[in-house]
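In our numbering, the protein residues as written are 560 to 833.
Each residue gets a CB set at the ideal place from its N, CA and C atoms; glycine is no exception.
Remarks on the structure that follows.
Printed below as a string of structure tokens:
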């Protein structure tokens with residue numbers, strides 16, 4: 560389900576709850592979102608994700624508001640990670656691009672029912688993939704925009720990962736433009752390859768090198784969406800041997816070729832005209 564609303568300055572919604580996870584994005588204006596646990600003010604460009612079955616209320620804060628809502632369910636009965644929910648995230652240009660794609664391609668799907676012959680099976684498949692891939696990339700950015708170690712005021716680590724995994728994540732993030740071998744990482748942190756692989760896999764549910772590839776492709780998505788570099792320049796900046804291998808890795812992670820992703824990022828939409 561995807562929808563946008565224009566709220567009057569004094570709009571107030573008494574609230575509801577539902578099973579799907581629901582992001583709320585303020586395109587323009589200011590709203591207050593309340594649950595039993597918190598009351599948060601969202602302004603221009605802010606987004607918040609509700610937990611499933613979390614009863615929530617919305618009201619405008621004395622100004623006209625454009626607000627976007629959409630819902631989704633995770634496969635296999637999984638719950639949305641804590642990193643995604645109950646906090647305000649300010650959408651940057653990349654986040655806004657993903658939101659635009661989710662909205663406009665999602666609306667195309669919703670406006671055609673399954674039996675509507677005007678939308679061919681191939682077109683439906685590609686629209687579904689665009690929405691799915693854009694949502695996944697958006698959630699990745701929200702959940703782990705930068706996996707570096709953070710510290711609280713007491714100086715203690717607030718990372719949810721072990722010290723070694725946090726160090727590896729930080730090292731990968733700092734060297735995303737380089738070509739790195741697992742053997743080099745293990746040697747740097749005085750671990751055996753098998754040990755560091757096992758620890759990382761247990762905490763991240765992914766191998767070190769597979770996770771590093773996904774980090775690179777996420778960075779590539781950001782660079783492509785900005786539209787200032789050629790695919791060769793992006794490939795070179797991420798230390799891929801050639802554009803062909805970069806394209807193969809990109810499609811493996813996102814389901815799209817870099818060219819297909821670039822054509823999406825060329826969409827120029829003014830939210831105020833929705």
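- Given residue 568 as reference, the closest of 589, 809, 667 once Cα atoms are compared: Ranking the options by Cα distance to residue 568, first place goes to 589.
key: Segment contact, 8 Å Cβ cut-off, at least three pairs: the stretch 748–761 with the stretch 787–800   = Cβ pair count under 8 Å is below three, so no.
message = To the nearest angstrom, how far is the alpha carbon of residue 620 from that of residue 591?
response = Between residue 620 and residue 591, the C-alpha separation is close to 7 Å.
* Asked: Excluding the five sequence neighbours on either side, which residues of its own chain have a C-beta within less than 8 Å of the C-beta of residue 689, listed in chain order?
  -> When the five nearest sequence neighbours on each side are left out, the beta carbons in the same chain lying within less than 8 Å of the beta carbon of residue 689 are those of 660, 664, 815, 823, in order along the chain.
For this session: May I ask you to report which of helix, strand or coil DSSP gives residue 598?
Result: Here residue 598 carries a strand assignment [DSSP, helix/strand/coil].
Which residues does DSSP list as the beta-bridge partners of residue 584?
Residue 584 pairs with 606, 627.
Quiz item: For the candidate residues 810, 805, 584, 595, whose alpha-carbon lies nearest to that of residue 608?
Solution: Distances from the CA of residue 608 to each of 810, 805, 584, 595 were compared; the closest alpha carbon is that of 584.
Bridge partners for residue 616 per DSSP, in chain order? Paired residues: 593.
Note the first and the last residue of the continuous alpha helix (DSSP H) segment covering residue 809.
Where residue 809 is concerned, the enclosing alpha helix (DSSP H) stretches over 802–813.
(request) Count the other CB atoms, across all protein chains shown, that sit within 10 Å of the CB of residue 598; report buried if there are 16 or more and exposed otherwise. (result) So residue 598 ends up on the exposed side.
### Query
Using DSSP with H/G/I as helix, E/B as strand and the rest coil, what is residue 565?
Reduced to three states, the DSSP call for residue 565 is strand.
| request: Could you tell me the distance, in whole angstroms, from the CA atom of residue 700 to the CA atom of residue 572? | output: As the crow flies, the alpha-carbon of residue 700 is around 29 Å from that of residue 572.
*asked:* Check whether the stretch 742–753 and the stretch 776–786 are in contact - that is, three or more C-beta pairs closer than 8 Å.
replied: With a cut-off of 8 Å, the stretch 776–786 and the stretch 742–753 do not count as touching, because too few Cβ pairs lie within range.
Residue range of the alpha helix (DSSP H) that residue 759 falls in? Residues 752–763.
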